[in-house]
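Scroll down for the structure; my scribbles are underneath it.
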Amino acid sequence: MSAADPGSVLAALAEPTRRQVLDLLAERGEASASSLAESLPVTRQAVVKHLGVLDDAGLVTAQRVGREVRYRPRPETLVDAGRWMAELAARWETRLAAVKRLAESSPPRHTPSR
Amino acid sequence: MISDSIEREIVIAASPERVWEVITRAEHLGTWFSDAGADIDLRPGGALALHWKEYGTARGRVETVEPPRTFGFRWVFVGDGAPTERNSTLVVFTLTPDGDQTRLRVTESGFASLDLPTEQQAKHVAENTEGWRQELDELLEYLADRAR
Chain A
52 MSAADPGSVL AALAEPTRRQ VLDLLAERGE ASASSLAESL PVTRQAVVKH
102 LGVLDDAGLV TAQRVGREVR YRPRPETLVD AGRWMAELAA RWETRLAAVK
152 RLAESSPPRH TPSR
Chain B
8 MISDSIEREI VIAASPERVW EVITRAEHLG TWFSDAGADI DLRPGGALAL
58 HWKEYGTARG RVETVEPPRT FGFRWVFVGD GAPTERNSTL VVFTLTPDGD
108 QTRLRVTESG FASLDLPTEQ QAKHVAENTE GWRQELDELL EYLADRAR
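As they're listed, the protein sequences go chains A and B. Quick note: to get my numbering, add 51 to the position in the first sequence (first position is 1). Quick note: to get my numbering, add 7 to the position in the second sequence (first position is 1).
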């Protein structure tokens, strides 16, 4: 279990085909690159590449079963990245509240001029 | 859905000019953003430095200066080099007059292109940001006390 870095999670999700791959995996629970490629307008090699990026980001996990590699989604990574963004957003709420207090509490020393 | 940007908005009972001062002047930036002062060269390409008592300095670069409407800067998320797309995020403030109030919108974007290659670095960032948040909480208490 590697703690995925949120930057690479977001980068992985930025590509539409990778989001489709992840959607399909979420639907099916597990799938091979070949079976995913049958449902997507890209080659098997392209799907393998996308799965590699998703794997590096911690969004999928790969398991060899005989001659086949099967992939499964790892939703916890998605949840962690979401939590990370939510924390960053909460900090902006704190900062904006501080800006509001400053702007409303201390009167301007001079009127805006020119 | 997880997106690559954060967007937040607040309505402030002050003119855009006043809000502009608070978000762009070093003396204010150094309290509501950081807690140990700030340096800013308020022009596109100008240097920005945000100082924290316990967590050191985050560097940045001013990107957009259109008073009193748009203020944008990059600030370094990882390490202490000059801001690039790999180590910094872009923050853009938009000020819109709303009657005698100001609608202040902030977007922070570019998280997807951040290079946070190792677990250790990600952990380091998490620790830093946690520290900053504690500092901001203290600031908020201080401001709340002063406003009474």
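Every residue gets a Cβ at the ideal spot worked out from N, C-alpha and C, and that includes glycine. Being a predicted model, the structure only gives us computed values, none of them experimental.
Taking a Cβ-Cβ threshold of 9 Å, the residues of chain A close to residue 121 of chain B are 56, 57, 58, 59, 61 and 62, in chain order. Legend: CB atoms of the region 24-47 of chain B lying less than 8 Å from CB atoms of chain A belong to residues 24, 25, 26, 28, 29, 30, 35, 38, 39 and 40. Rounded to the nearest whole angstrom, the CA to CA distance from residue 38 of chain B to residue 44 of chain B is 6 Å. Residue pairing of residue 90 of chain B in beta bridges, as defined by DSSP: absent, with no partner found.
At least 8 Å separates the CB of residue 83 of chain B from every CB of chain A. Contact fails between the region 138-146 of chain A and the region 115-122 of chain A, because fewer than three Cβ pairs, one in each stretch, are under 8 Å apart.
Its chain contains 84, 85 and 88 as the residues whose beta carbon lies nearer than 6 Å to that of residue 95 of chain A, once the 5 sequence neighbours on both sides are disregarded; these appear in chain order. Taking 7 Å as the Cβ-Cβ cut-off, the region 83-109 of chain B has no residue approaching chain A. By the C-beta criterion, the region 89-106 of chain B is judged not to be in contact with the region 99-115 of chain A, since fewer than 3 inter-stretch pairs fall below 8 Å.
Interface flag for residue 108 of chain A against chain B is unset, since no Cβ pair is found closer than 8 Å.
Interface flag for residue 115 of chain B against chain A is set, since a Cβ pair is found closer than 8 Å. Between residue 100 of chain A and residue 56 of chain A, the alpha-carbon positions lie close to 19 Å from each other. The criterion of a C-beta distance shorter than 8 Å is not satisfied by residue 150 of chain A and residue 102 of chain A. Judged by DSSP in its simplified three-state form, residue 75 of chain B adopts coil rather than helix or strand. Judged by pairs of C-beta atoms under 8 Å, the region 25-35 of chain B does not touch the region 114-122 of chain B, as fewer than three such pairs exist. Rounded to whole angstroms, the gap between the alpha carbons of residue 54 of chain B and residue 41 of chain B is 16 Å. In the three-state DSSP reduction, residue 97 of chain A falls in the helix class (H, G or I). Interface flag for residue 150 of chain A against chain B is set, since a Cβ pair is found closer than 8 Å. Flagged as an interface residue toward chain B: residue 153 of chain A, by a C-beta distance shorter than 8 Å. Annotated as proximal: residue 72 of chain B and residue 51 of chain B, with beta-carbon spacing under 8 Å.
Contact note: residue 111 of chain B reaches chain A through 147, 150, 151 and 154, using a C-beta cutoff of 9 Å and chain order. In the displayed model, residue 66 of chain A falls within coil according to three-state DSSP, outside both helix and strand. Bridge pairing for residue 55 of chain B: B:47 and B:67 [DSSP].
In this structure, residue 63 of chain A lies near residue 104 of chain A, with their beta-carbon atoms less than 8 Å apart. For residue 58 of chain B, same chain residues with a beta-carbon under 6 Å away, outside a window of 5 residues either side, are 41, 43, 44 and 64 in chain order.
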